[in-house]
Amino acid sequence: PKVQAIGDFGDGDIIVEQFDWEGDLALPPPVSQTERLMTLARLVMERDRKYALEQNFAAALSAARELARLLDSLFLEEIPLEKIQTIDVGQHAEHWAHSLRFLEVIVEMWPRYLRAAKRSDPTQRKVFLVKAQADRLLRTRPQTPVILAGSTGAAPSTARLMQAVITLPSGAGVLPGLDVETIHSDDTPLEDSHAQSGMAALLRRLNLTANSVRPWPGSGTRSHRNNFLATALLPAQATDGWLTKLHDFHAERGFVSDALDGLVIVETENEEDEATAISIELRRALEIPDKSVLLVTPDRNLTRRVALKMRRWGVYIDDSAGIPLQNSLCGTFLLLAEAWLRESDDMVLLLSLLDHPLFGAGLSGPQRMNAISAIDISARGTPPLGGLEGLKTRLRAAREPSGDALLMIERLQNSALSNAHDPFASLSERIRRHIEIAQELADDGLEGGHDRLWSEEGGRDCNSALSDAVEALDQTPDCGSQHYAEILFAIISSFSIRQTTPSYPQIQILGPLEARLQNADHIILAGLNEGVWPGAAEEGAFLSRSMRRQIGLPSPEKKIGLAAHDFAQLAANRQVTLIRAKRSEGAPSKPSRWLVRIKNILEGLQSSNQTDVSASVNTVVELLDRPAAIETASRPNVRLPASLRPRQLPVTAVELWLRDPYSIYAKYVLRLRKLDPLNSPFGQREIGRLLHEVFFQAAKTPTTLTPDILGEIFAENAMNFGFNEHEYPLWKHALLHSFEWFCDFQNERQKYGEAAILEETGSAQFSTTPDFTLTARADRIDLLFSGGVVILDYKTGTIPSEKQGDTFSPQLALTGAIINAGGFEKLPTWNVESYEYIKILNRKPDDNKNGWGRSGADASLSIADAQRRLVELLQAYNSPNAVYHSQPRPEFLNRFGDYDQLARRREWETAGEAEGS
1 PKVQAIGDFG DGDIIVEQFD WEGDLALPPP VSQTERLMTL ARLVMERDRK
51 YALEQNFAAA LSAARELARL LDSLFLEEIP LEKIQTIDVG QHAEHWAHSL
101 RFLEVIVEMW PRYLRAAKRS DPTQRKVFLV KAQADRLLRT RPQTPVILAG
151 STGAAPSTAR LMQAVITLPS GAGVLPGLDV ETIHSDDTPL EDSHAQSGMA
201 ALLRRLNLTA NSVRPWPGSG TRSHRNNFLA TALLPAQATD GWLTKLHDFH
251 AERGFVSDAL DGLVIVETEN EEDEATAISI ELRRALEIPD KSVLLVTPDR
301 NLTRRVALKM RRWGVYIDDS AGIPLQNSLC GTFLLLAEAW LRESDDMVLL
351 LSLLDHPLFG AGLSGPQRMN AISAIDISAR GTPPLGGLEG LKTRLRAARE
401 PSGDALLMIE RLQNSALSNA HDPFASLSER IRRHIEIAQE LADDGLEGGH
451 DRLWSEEGGR DCNSALSDAV EALDQTPDCG SQHYAEILFA IISSFSIRQT
501 TPSYPQIQIL GPLEARLQNA DHIILAGLNE GVWPGAAEEG AFLSRSMRRQ
551 IGLPSPEKKI GLAAHDFAQL AANRQVTLIR AKRSEGAPSK PSRWLVRIKN
601 ILEGLQSSNQ TDVSASVNTV VELLDRPAAI ETASRPNVRL PASLRPRQLP
651 VTAVELWLRD PYSIYAKYVL RLRKLDPLNS PFGQREIGRL LHEVFFQAAK
701 TPTTLTPDIL GEIFAENAMN FGFNEHEYPL WKHALLHSFE WFCDFQNERQ
751 KYGEAAILEE TGSAQFSTTP DFTLTARADR IDLLFSGGVV ILDYKTGTIP
801 SEKQGDTFSP QLALTGAIIN AGGFEKLPTW NVESYEYIKI LNRKPDDNKN
851 GWGRSGADAS LSIADAQRRL VELLQAYNSP NAVYHSQPRP EFLNRFGDYD
901 QLARRREWET AGEAEGS
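Using the working numbering, you'd call the opening residue of the sequence shown number 1 and step up by one each time.
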């Protein structure tokens, strides 16, 4: 037997195989879907001056997509395009008249383009082929059996083919899911949204009655399940007969148990739980030899969730809808490359591109990974000055400069340069240039970029789609980077690819269209929410309901009727699960109208408890990831051998040691450092570093300082610290106030001494077993004319309190101990006269809130006390039993420790609170 798929209706397209007799018809070849979409968008630009003036091709593309849907509807219903011009809009709002005039794009311009190009519209051509097949059958009248099976005859061309088949000597039409009783028992026409409305319309086209259709041999009368579903889906005007039906069901012995045997309903809390529940059922099916299970849903996001969840068991399953091309390896790379080329200074986009498996830029293997790692580290913090050029400066200044990383950045710079916008280029030239750059970036030095890019997942489809677009847009002017991004996404997202990894034949994931006439031991109907299954009844953008009615287009509810027919057939199988999520995207969802009707009938039969297994399923979902026992993490108790204990630390680490010894272990023994975020905004830390540099240079200026001089120094250094001009209004007031204060401060200081130490490091060794070295980088140390020194520490953020300075924050007192030990080369062993914390930004009117310090005997006592406590701390941690605890003092907790996650602090801290309660 020869089997051909002749046509069906779904997703706005008709699916027709190419017949072997097609060449005899001499039909012009069809344009591709991409070419049709791009050409319609170009015609919209030509037709509408607003689109053309704004060069808004992306908006034209959106309009083209709606026009393509309208073209499909008109061709499928065999309505001449010229009929649109006969629509009377006299009773409509004025904008519908504008809409009607706009439709000359498809009424006049599109046919004109096809004639000039000697091409045909793909949908019109497929309809023509089906009609030609019908004419051929009527003309040749073959004597061999011809069977047309499984068609609902939704399109007139398909109904015509069926009409031709059933008039043949050995012809037969097999109608799927025809409910003779429903159609025969209702004298009034069924509403379009009813499951049998499509079949009733087909019978009218065939000039047949429901009773004239013979049942398939052996099918017998309508089953109890079918009877139950037909009652639930009765037309609205017939629901007054529900009570009678329910009485009949109860009266018939065994009806309820037989109708509901194998039917279960599940409602989960959200889509994630819905996907988990489905995956559990699919996995359970694999434990039973030869058991088949079919998941049917129009929700492609749900099917992707289910497919991903199945991987936890190493099960890879194929979704009939495929993977959206924009999510394929090639598609994501092309989109990432475009996004980065548009904003090449964005470090997040850069690292996203570099981390893509297809990115090479001439490097592969460990070379590639090491280069990307070096770039990742250097790109952290505020965006580098000058984009990629600034990033190269950071890479050269790194502790271990990477030549491969610099080479990679240079190649990226060349790519960005070659992407420079040409105002006279066409849109197709921009696509070509984008493809060339993507191939350059994909080249890994071992395999050419062309081969790597187009041979990977989705590569062939991306290449085909972009080639079609290049051909269609050759005369279309470029529309700028932002619109190009939308156009590229529209081109790529129009296609899907099928999974090539091995899958389990027992499990299938299908859409409602693909599931027609399919069977399985267990069928799961998922996503049963309004707006999903069934989808919304959409009228389209250009024609109102009454306008559609005038030219003979079907109502939007026709698709709902077809969907209801699919649902009823699938739900009639022996073992069926109906499942939905109560919440979707965080908001309450509305159950499908069919599910609501089924549940209403179940309530009337007092059988809800028999079918609703939501409670048990949700319990299993909850328990799936719950461990049998939770082992509470304990506070880390790190003990270090003498060889690993830190023997040198800066004074700023002493506070960290006192508050959180574990951080000393993580930072100075394990050498772990917290990475700054990418593209971090210019904030308090950055302004502090910049002001330190400004005041460092200002303090060396021999002339009397003025705010203008400070402003000049600030301007010379600002960009080096990531300060952009657009940041200035935010900081302007605070900076001017800070400059005025520093001028007064510096001019006053010069009366009593000079700045001897500026941003320099000193160190001193303390005699312990073994010896320990303490270092300090001083913001400023003044040498007084009267003898003695003054330690000054600039603060832009919070200043430690006096109590903290005497206990947990002995930074300046320990710096004084280093000076006393002769730890700064430029200073003799002079006495520390005083030390002081000074607030340099956002100073308060009350000077007492702008800092504090110690002087004279108080300073000497504080320095001696800090040195004594440091030695005690060192001696305590010289013991082999010393533990580097995480946050050992609850009353002085650091709420934002960099190493809390490493110490699993939240786990043991929460467990301790639970035990305490």
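Note that CB positions come from ideal geometry on N, CA and C, so glycine has one too. Just so it is clear, the structure is predicted and the values come from calculations on it, not from any experiment.
Where does residue i fall in DSSP's three states?
| i | result |
| --- | --- |
| S592 | coil |
| H522 | strand |
| T928 | Absent from the model: residue 928. The displayed extent of the chain is 1 to 917, so no value can be given. |
| W21 | Any reading at W21 must be qualified, since the residue scores a pLDDT of 42, below 50, and its modelled position is unreliable; the value itself is stated next. W21 falls in the coil class under three-state DSSP. |
| R626 | coil |
| Q746 | helix |
| L678 | strand |
| D319 | strand |
| K795 | strand |
| R639 | coil |
| N609 | helix |
| N720 | helix |
| I664 | helix |
| A653 | helix |
| G816 | helix |
| A379 | coil |
| I265 | strand |
| I932 | Only positions 1 to 917 of the chain appear in this structure, which leaves residue 932 out of reach. |
To which residues of the same chain is residue i closer than 8 Å at the C-beta, ignoring the five residues directly before and after it?
| i | result |
| --- | --- |
| A97 | V89 |
| L233 | H194, A195, A564, A568, W594 and R597 |
| G23 | Note that G23 scores 49 on pLDDT, short of 50, meaning its location in the model is unreliable; the coordinates nonetheless yield the value given after this. Nothing meets the Cβ criterion. |
| Q901 | none |
| P1 | none |
Using a Cβ-Cβ cutoff of less than 6 Å, which residues in the same chain neighbour residue i once the five nearest sequence positions on both sides are dropped?
| i | result |
| --- | --- |
| P646 | Y668 |
| G561 | D192, S193, H194, S197 and G198 |
| D898 | K674 |
Taking the continuous beta strand (DSSP E) assigned at residue i, which residues delimit it?
| i | result |
| --- | --- |
| D240 | Premise fails: D240 is in no beta strand (DSSP E) and is neither H nor E. |
| D782 | F772 to L784 |
| I937 | Because the chain in this structure spans residues 1 to 917, residue 937 falls outside the shown range and cannot be described. |
| V919 | Summary: the structure shown does not reach residue 919, with the chain confined to residues 1 through 917, and so no result is reported for it. |
| V293 | V293 to V296 |
| T761 | G753 to F766 |
| V694 | Looking at the DSSP string, V694 is not in any beta strand (DSSP E); the run it does join, the alpha helix (DSSP H), is Q684 to A699. |
| G805 | Counting along the chain, G805 falls outside any beta strand (DSSP E), though it belongs to the alpha helix (DSSP H) covering E802 to D806. |
Could you pull the start and end residues of the alpha helix (DSSP H) that residue i belongs to?
| i | result |
| --- | --- |
| A361 | Per DSSP, A361 belongs to no alpha helix (DSSP H) and is neither H nor E. |
| K582 | Per DSSP, K582 belongs to no alpha helix (DSSP H); it is in the beta strand (DSSP E), V576 to S584. |
| T393 | L388 to A397 |
| S219 | From DSSP, S219 is part of no alpha helix (DSSP H); its letter is neither H nor E. |
| L202 | S197 to R205 |
| P650 | First-last for P650: Q648 to P650, but that is the beta strand (DSSP E), not the alpha helix (DSSP H). |
| A134 | P122 to T140 |
| L354 | M347 to L354 |
In chain order, what residues of the same chain lie with their CB nearer than 7 Å to the CB of residue i, ignoring the 5 residues before and after it?
| i | result |
| --- | --- |
| D782 | R749, G753, E754, A755, A756, V789, V790 and L792 |
| Q124 | F75 |
| C866 | For clarity, residue 866 is Ala in the given sequence; the question names Cys instead. Cβ within range, chain order: P810, A813, L814 and A817. |
| M38 | A469, A472 and L473 |
Step through the CB atoms of chain B and report whether any lies within less than 8 Å of the CB of residue i.
| i | result |
| --- | --- |
| L649 | Of the chains in the structure shown, none is chain B; there is only one protein chain. |
Item checked: Whole alpha helix (DSSP H) elements within the segment 412 to 494, 4-residue minimum -> 427 to 442, 449 to 455, 459 to 472 and 481 to 492
Item checked: Validate contact between the segment 319 to 334 and the segment 363 to 370 using beta carbons, cut 8 Å, 3 pairs -> no
Item checked: Ranges of the beta strand (DSSP E) found wholly within the segment 821 to 867, counting only runs of at least 3 -> 832 to 839 and 851 to 855
Check: Counting Cβ pairs closer than 8 Å, one from the segment 99 to 107 and one from the segment 129 to 144, do we hit at least three?
Finding: no
Next item on the list: Count the CB pairs spanning the segment 167 to 178 and the segment 138 to 155 that are closer than 8 Å, and state whether there are at least three.
Entry: yes
Margin query: Does the contact criterion of 3 or more C-beta pairs under 8 Å hold for the segment 612 to 620 versus the segment 296 to 308?
Written below: no
Next item on the list: Determine contact between the segment 253 to 266 and the segment 567 to 582, defined as no fewer than three beta-carbon pairs at a distance below 8 Å.
Entry: yes
Next item on the list: Starting from the N-terminal side, write out each stretch of the beta strand (DSSP E) that is 3 residues or longer and does not extend beyond the segment 300 to 345.
Entry: none
Next item on the list: Would you check if the segment 626 to 634 and the segment 277 to 286 touch, i.e. whether three or more CB-CB distances between them fall below 8 Å?
Entry: no
Notebook entry, point to check: Taking one C-beta from the segment 328 to 343 and one from the segment 458 to 469 each time, how about it: are there three or more such pairs within less than 8 Å?
Noted result: yes
Next item on the list: Take every Cβ of the segment 711 to 726, pair it with every Cβ of the segment 414 to 433, and state whether three or more of those distances are shorter than 8 Å.
Entry: no
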